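Heads up: the structure comes next, in structure tokens.
Number of protein chains: 2
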Amino acid sequence: MNAKNGRIASCDCNLIHKETVEYVAGKMPADENLYDLAELFKVFGDTTRIKILCALTEAEMCVCDIAALLNMSQSSISHQLRILKQARLVRYRRDGKVVYYSIDDEHVKQIFDQGLIHLNEK
Amino acid sequence: MNAKNGRIASCDCNLIHKETVEYVAGKMPADENLYDLAELFKVFGDTTRIKILCALTEAEMCVCDIAALLNMSQSSISHQLRILKQARLVRYRRDGKVVYYSIDDEHVKQIFDQGLIHLNEK
DNA sequence: TTTATATATGAACAATTGTTCATATGTTAT
DNA sequence: ATAACATATGAACAATTGTTCATATATAAA
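The listed protein sequences derive, respectively, from chains A and B. Numbering of the first sequence is given in the numbering used here, commencing with residue 19 and proceeding in unit increments. Numbering of the second sequence is given in the numbering used here, commencing with residue 19 and proceeding in unit increments.
What follows is the structure in structure tokens.
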């Protein structure tokens, strides 16, 4: 990047492992991909959304079901479902007045499980 | 516009799939586990921390290296490393004045990869 | 000791985020 | 048509969060 004169603007250190930094810089994915990845995990990073995803891995549910299950307002659930929808983690189908949500990605469970494995390791 | 009798407090719907809700309720992990899981993904849900984790999967680096690589302040990186440390995602070793950080969990890469798989689909 | 350097951390601030409230939209029944 | 109901959504608010700034701590060298 800007490691030109042995000194870098944003870092007030003199000692830098130049080769390491350059090596890793060459290995880093594009900023855009890392941004998208962080955005994805941000979606998983809320208790309400985690609960919704967890519930939907068990069964297709309507908004009202989820609100009842989690003892939360319909509005709150609906707002969160929108975020999950935008992240393509859930899909929906409308049947009359009722909208049913379900998991839209087989990897949701796997991401879940990896997280649980980490937590259960200690 | 609120009915007040004989309904679930948090949900203003009349139509609930009672069996579904009860079935899923029986399958849900403990709230505490879901909270911890959300907290874990929250750590992954920041661009700076994702970049740090990504960098450390390639090589052990000191704080200054990371700051230089990401063109960010030492303070900012140090703050984020503390969060990663608390989540047991990175470990460190001190060598004189320099503190070297590295990945502390083999599953970090797998969580990463599952996220990337989701993003690269569709 | 004093100085320099690498890292850590508390406080303040701006930016983001989740919930609530009120209301809008879409569908079914009357 | 109107009413009832399931869901969606904009605005406001409080709570959380990431960065900056200033400073503290830890280690090494002079």
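Every residue gets a Cβ at the ideal spot worked out from N, C-alpha and C, and that includes glycine. Please read all numbers here as calculations on a predicted model, not as lab measurements.
C-beta atoms of residue i and residue j nearer than 8 angstroms
{"i": "H125/B", "j": "I135/A", "result": "yes"}
{"i": "A11/A", "j": "D64/B", "result": "Chain A is shown from 19 up to 140; residue 11/A falls before or after that span and cannot be answered."}
{"i": "Y119/A", "j": "L99/A", "result": "yes"}
{"i": "D54/B", "j": "L137/A", "result": "yes"}
{"i": "D83/A", "j": "H97/B", "result": "no"}
{"i": "M46/A", "j": "C72/B", "result": "yes"}
{"i": "I95/B", "j": "G133/A", "result": "no"}
{"i": "E76/A", "j": "V39/B", "result": "no"}
Boundaries of the beta strand (DSSP E) in which residue i is found, first to last residue
{"i": "I142/A", "result": "Nothing about residue 142/A can be reported from this structure: the residues present for chain A run from 19 to 140 only."}
{"i": "D113/B", "result": "108–113"}
Residue range of the unbroken alpha helix (DSSP H) whose run includes residue i
{"i": "H136/A", "result": "125–137"}
{"i": "A48/A", "result": "No alpha helix (DSSP H) contains A48/A, which DSSP labels as neither H nor E."}
Residues near residue i by beta carbon distance below 8 angstroms, same chain, minus five either side
{"i": "V61/A", "result": "R67, I101, L102, A105, L107"}
Other residues of its chain near residue i: CB distance less than 6 angstroms, five sequence neighbours each side excluded
{"i": "E78/B", "result": "Y118, S120"}
{"i": "A85/B", "result": "Q92, I95"}
{"i": "R111/B", "result": "Y118"}
{"i": "N23/A", "result": "Legend: pLDDT at N23/A = 32, less than 50; position of this residue unreliable, value from coordinates given subsequently. Here the set comprises nothing."}
7 angstroms CB neighbourhood of residue i in its chain, flanking five on each side removed
{"i": "G115/A", "result": "In the sequence on display, residue 115/A carries Lys and not Gly. Counting only Cβ-Cβ distances below 7 angstroms, and skipping sequence neighbours, we find nothing."}
{"i": "K127/B", "result": "T75"}
Mind pulling the alpha helix (DSSP H) runs of 4 or more residues that sit fully within the region 57–106 of chain A?
-> 65–74, 81–88, 92–104
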